[in-house]
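Going by our numbering, the first sequence opens with residue 289, and the numbers climb by one from there. Don't be surprised by glycine CBs; every beta carbon is placed ideally from N, CA and C. Remember, predicted model here, so these are calculated numbers, not experimental data.
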Amino acid sequence: MGNDRKIIRDVYESLLACYGPQSWWPVTPPGGRSPVYSGGPTNVSQRLEVMIGAVLTQNTSWNGARKALENLSSQNRLDFQSLLEIPEEKLGLFIRPSGYFNQKARRIKSLISFLNERYGADWERFFAEPVSRMRRMLLGLYGIGPETADSIILYATGRASFVIDSYTKRIFYRLGITPRDIPYKELKQRFEKALPAESKLYNEYHALVVIHGKERCTAREPECEGCPLEQICVRRGISRGESGLR
DNA sequence: GCCCAGGCTTAAA
DNA sequence: TTTAAGCATGGG
Numbered sequence: 289m290g291n292d293r294k295i296i297r298d299v300y301e302s303l304l305a306c307y308g309p310q311s312w313w314p315v316t317p318p319g320g321r322s323p324v325y326s327g328g329p330t331n332v333s334q335r336l337e338v339m340i341g342a343v344l345t346q347n348t349s350w351n352g353a354r355k356a357l358e359n360l361s362s363q364n365r366l367d368f369q370s371l372l373e374i375p376e377e378k379l380g381l382f383i384r385p386s387g388y389f390n391q392k393a394r395r396i397k398s399l400i401s402f403l404n405e406r407y408g409a410d411w412e413r414f415f416a417e418p419v420s421r422m423r424r425m426l427l428g429l430y431g432i433g434p435e436t437a438d439s440i441i442l443y444a445t446g447r448a449s450f451v452i453d454s455y456t457k458r459i460f461y462r463l464g465i466t467p468r469d470i471p472y473k474e475l476k477q478r479f480e481k482a483l484p485a486e487s488k489l490y491n492e493y494h495a496l497v498v499i500h501g502k503e504r505c506t507a508r509e510p511e512c513e514g515c516p517l518e519q520i521c522v523r524r525g526i527s528r529g530e531s532g533l534r
């Protein structure tokens with residue numbers, strides 16, 4: 289699709305003009321109590337927080353993941369050593385508000401154990417691994433699939449790996465440029481071919497997709513009137529009901 | 001009460 | 001290789 293390029297770039301410009309910069313990923317400031325959108329992590333503990341948050345928000349609203357993170361940080365458990373030592377069952381209690389708490393506790397322990405076994409006390413060297421290598425390692429872990437791996441690479445380490453999520457699939461299906469249930473890898477490649485490989489751009493693009501999917505292009509009843517993508521979307525003028533898609 | 005949310009694993013066809 | 005079920009809390 290040689291036309292992907294223009295559409296994908298136009299969508300970005302329109303979303304950015306409408307919503308403005310999103311300053312992802314939310315992290316807890318030093319001494320703070322709650323994650324805030326302030327342009328992403330600036331130190332190792334915030335990078336770790338992003339990784340944990342990426343697992344916690346799987347198929348769950350950020351609000352639930354945020355509460356789970358607040359529980360951990362208010363108990364001083366949101367650091368590498370604490371997460372390494374805490375029993376899985378106890379971790380589960382802290383992160384309950386994020387849902388799937390048993391699975392997610394296991395996933396977080398799996399990630400932390402891996403870092404510990406591979407790097408020991410110098411676990412933060414993980415962040416310096418080359419992108420492709422890091423991605424392979426992450427995908428080999430229990431409970432880390434393509435989206436979580438890409439989120440970690442992009443938002444925790446600040447390197448360019450485009451993140452696809454359910455909002456991306458829904459929005460671009462509705463726009464009429466991708467099939468329903470397009471495989472993750474395929475859609476990711478289309479974005480990465482259409483855009484310069486800049487982490488800042490990937491970061492902002494995904495964040496804009498999320499806010500658009502959350503606030504306007506919602507699952508049940510998209511609010512098409514006044515949509516910033518009205519001129520691009522093939523569904524403009526189509527009545528509700530046949531609007532299709534979840 | 002129902003649907004949805006910043007997915008992933010496992011088992012079955 | 002594709003499809004479905006299971007995981008679970010919280011907000012609209």
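query	result
Span separating the alpha-carbon of residue 452 from that of residue 351	20 Å
Own chain residues within Cβ distance below 7 Å of residue 309, not counting five before or after	492
Candidates 365, 319, 315: closest to residue 341 by CA position	315
As assigned by DSSP and simplified to three states, the class of residue 451	coil
Near the ligand HEM: residue 297 beta-carbon under 7 Å from a heavy atom	Looking for the ligand HEM in the displayed structure turns up nothing, as the structure carries no ligands at all.
Beta-carbon proximity check, residue 444 vs residue 485, cutoff 8 Å	no
CA-to-CA distance, residue 336 to residue 427, given in whole angstroms	17 Å
Bounding residues of the alpha helix (DSSP H) (the contiguous stretch that carries residue 298)	292–307
Three-way DSSP call (helix, strand, coil) for residue 498 in this model	helix
Status (buried if at least 16 other CB within 10 Å, exposed otherwise) for residue 420	exposed
Nearest neighbour of residue 326, chosen from 356, 333, 312 [CA to CA]	312
For residue 467 and residue 460, the rounded distance between their alpha carbons	8 Å
Identified DSSP bridge partners for residue 324	315
Proximity winner among 318, 324, 322, relative to residue 332 (alpha-carbon distances)	318
Among 344, 367, 478, 508, the one whose alpha carbon lies nearest that of residue 403	367
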